[in-house]
Amino acid sequence: MTCEDTRNLMHAYVDGELDLVRSLEVEAHLGGCAECASEQANLRALRTAFGNGALYYEVPARLERRVHAAVRDARRAEHGRGFALARFGWGGAAAAAVVLIAIIARGVLPFGPAASALTAREVVDDHLRSLTANHLTDVLSSNQHTVKPWFDGRLNFTPPVEDLGAGFPLVGGRLDDYLDNRPVAAVVYRRREHIINLFIFPVEHAAGTLPTSETWKGYNIVHWTKSGMAYWAVSSVSSAELERFAQLLREESPTPLAPHG
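In terms of the numbering used here, the sequence shown has 80 at position 63, counting the first letter as 1, and numbering is strictly consecutive.
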């Protein structure tokens, strides 16, 4: 067996996938070839390193939900695997798999309307979680000068916190671990018996946008960007009232401090 033959079989040999005859042939060559033996030792060391549990991390639940949602939507859009293969062939199916792997590996979201739809799902899920998990606020106060300083040192940006009055009293604030794959500030307001969660996080290279309204699972959402920050308000109040809330907030909010650290 030559060095070239051995190298072609090396991975299968290290993984224990060769039959007995081939394994003996490789072993015989390794016994008399220092260069191939060294390559085998390096490959085994690499295999051991990748088997180290410290290199593996549990997939965040939020990312797992996004991937499942993306797969579900893709299946609906393509009317099943048979339609996708008939239309695009195996090459198209493989390309779709590559995109899905990129989403999992990098935690990125699609751009444009798809990104907005996924973020809408997340803000509604976080809103519901805050109402049902007894975690509406980390800091409970109607004073903006109490709530805003509470975020200092807990985020790498300073979210604007406004006491709007006008029927939208401030309730408090909390940290949400991740939204759109980033930590966010949640500032909580009330409209009569309705809770309004306002999620704030920095966005890079985003131009200011006017408020956009949408609905998800019966909850109204208004979102906009201003001065490098994204704002997502969600509540069970009427769409008109939530839009009024967004208008008041845009009028009151100063330019926020940029992310740091």
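Where is the CB? At the ideal position from N, CA and C, for every residue including glycine.
Ala257: member of the alpha helix (DSSP H) spanning 256-269, first to last residue.
Residue environment for His28: exposed (fewer than 16 other C-beta atoms within 10 angstroms of its C-beta). Per DSSP, the unbroken alpha helix (DSSP H) holding Leu26 starts and ends at 20-31.
Using a 10 angstroms sphere on the CB of Val239, the tally of other CB atoms reaches 16 or more, which defines it as buried. Annotation for Lys243: the continuous beta strand (DSSP E) segment containing it runs 236-243. By the neighbour-count criterion, in which 16 or more other beta carbons inside 10 Å mark a residue as buried, Val220 falls on the exposed side.
Counting every other CB atom within 10 Å of its CB across the protein chains shown gives Gln264 a total below 16, marking it as exposed. Residue environment analysis places Ala51 among the exposed positions, since fewer than 16 neighbouring C-beta atoms fall within 10 angstroms of its C-beta.
One alpha carbon belongs to Leu259, the other to Val251, and they sit about 8 Å apart. Secondary structure of Ser147 (DSSP, three-state): helix. Counting along the chain, Val251 sits inside the beta strand (DSSP E) bounded by residues 246-252. Your pair Phe218 and Val201 checks out as a contact, with CB atoms roughly 4 Å apart and the cut at 8 Å. Residue range 226-233 is occupied by the beta strand (DSSP E) that includes Thr232.
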